[in-house]
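Data block below; observations after.
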Amino acid sequence: MTRRTRYPEEVRERSVRLVLEHVGEYSSQWAAIESIAAKCRMTPETLRKWVRRAEVDAGQRPGLTTDERKRLLELERENRELRRANEILKSAAAFFARELDPRPPR
Numbered sequence: 073m074t075r076r077t078r079y080p081e082e083v084r085e086r087s088v089r090l091v092l093e094h095v096g097e098y099s100s101q102w103a104a105i106e107s108i109a110a111k112c113r114m115t116p117e118t119l120r121k122w123v124r125r126a127e128v129d130a131g132q133r134p135g136l137t138t139d140e141r142k143r144l145l146e147l148e149r150e151n152r153e154l155r156r157a158n159e160i161l162k163s164a165a166a167f168f169a170r171e172l173d174p175r176p177p178r
């Protein structure tokens with residue numbers, strides 16, 4: 073299942089690259105983000121999140137990289153499915169144990 077994004081990947085990459093390249097020209101990273109976000113017609117918060125994600129992926133900030141986050145989500149999904157399958161098997165085993173029990177019900 074793919075997720076539809078509001079901005080094309082090229083716009084995202086270009087905007088992040090602009091912030092990282094021109095941050096020295098501004099008084100702070102936030103000032104650079106605000107300026108470039110206005111020029112790219114997006115909210116500064118959107119661009120800030122993209123910049124933070126790029127910094128984590130580059131190893132400049134602590135946190136899970138995009139690949140690690142994706143793998144974690146896959147493992148959590150698989151874990152949920154296995155737990156559900158276990159519950160179904162437990163229920164089936166209990167059902168068949170009652171069916172095959174030679175003792176009459178009380």
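Using the numbering used here, you'd call the opening residue of the sequence shown number 73 and step up by one each time. Don't be surprised by glycine CBs; every beta carbon is placed ideally from N, CA and C. The structure displayed is predicted, hence computed values, not measured ones.
Asked, Found
"Top-ranked residue by Cα proximity to glutamate 85, from Glu97, Arg124 and Tyr98", "Arg124"
"Cα-Cα separation between threonine 137 and glutamate 146, rounded to whole angstroms", "14 Å"
"Simplified DSSP assignment, three categories, for arginine 156", "helix"
"Residue burial classification, tryptophan 102 (beta-carbon count within 10 angstroms, cutoff 16)", "exposed"
"Buried versus exposed, by CB contacts within 10 Å (16 or more), leucine 119", "buried"
"DSSP state of alanine 104 mapped onto helix, strand, coil", "helix"
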